[in-house]
Amino acid sequence: MNQKYLIRIAELECQLRQKDQQLSLVEETEAFLRSALARAEEKIEEDEREIEHLRAQIEKLRRMLFGTRSEKLRREVEQAEALLKQREQDSDRYSGREDDPQVPRQLRQSRHRRPLPEHLPREINRLEPEESCCPECGGELDYLGEVSAEQLELVSSALKVIRTERVKKPVQNVTASLKHRHHPVR
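FYI, in the working numbering the residues of the sequence shown are 2 to 187.
Below you can see the structure in the form of structure tokens.
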């Protein structure tokens with residue numbers, strides 16, 4: 002009987018080593034994927050900066066071209082526009098945006114959404130999960146993080162009417178004159 006227990010212990014130790022190897026492989030894969038994601042995000046940011054630089058350069062060349070009719074400048078504008086188009090397509094492919102040639106560029110999904118100004122008043126609605134424990138296992142839920150989104154809402158201005166009533170009272174003895182308060186200062 003002791004022999005059976007020893008064999009079972011050896012089998013369990015072998016399974017444990019296999020699970021440890023699988024876990025280390027998963028951890029290595031996760032680290033590799035995180036670094037690949039970071040490199041891809043850096044590449045996208047670099048492409049976005051280059052796109053903005055190319056746009057500025059094209060605009061400058063167009064202004065120069067408008068003033069002088071030079072074939073060299075026209076070629077430079079065309080080359081810069083071709084390079085810009087290629088970079089935008091690459092950026093769209095990396096970031097997952099789809100370009101619909103039927104939709105004008107300015108109506109397509111914008112590349113960057115500017116953050117809302119800090120001076121605007123903010124209302125924070127915090128949505129907590131309805132349950133305080135896991136519905137499946139009953140374990141206590143721990144704080145992992147939050148996802149936030151801001152939405153700009155136009156609140157109409159409140160108007161009020163200020164009505165000034167001047168009460169007129171005649172003097173009882175003399176019917177020809179009226180007494181009333183002068184207009185308030187506005």
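In this text, a Cβ means the ideal position worked out from N, Cα and C, and glycines have one as well.
All values reported here derive from a predicted model rather than from experimental measurement.
Beta carbon of residue i nearer than 8 angstroms to that of residue j
i: Leu74; j: Leu55; result: no
i: Ile59; j: Leu85; result: yes
i: Ser92; j: Glu49; result: yes
i: Pro130; j: Leu145; result: no
i: Glu151; j: Leu128; result: no
DSSP bridge partner residues for residue i (one or two, in chain order)
i: Cys15; result: Per DSSP, none; premise fails for Cys15.
i: Cys135; result: Cys135 pairs with nothing; no bridge assigned.
i: Glu47; result: BP columns for Glu47 are empty, so no partner.
i: Glu141; result: Cys134
Expected contact under 8 angstroms - CB spacing of residue i and residue j to nearest Å
i: Arg94; j: Glu51; result: About 15 angstroms; that fails the 8 angstroms criterion.
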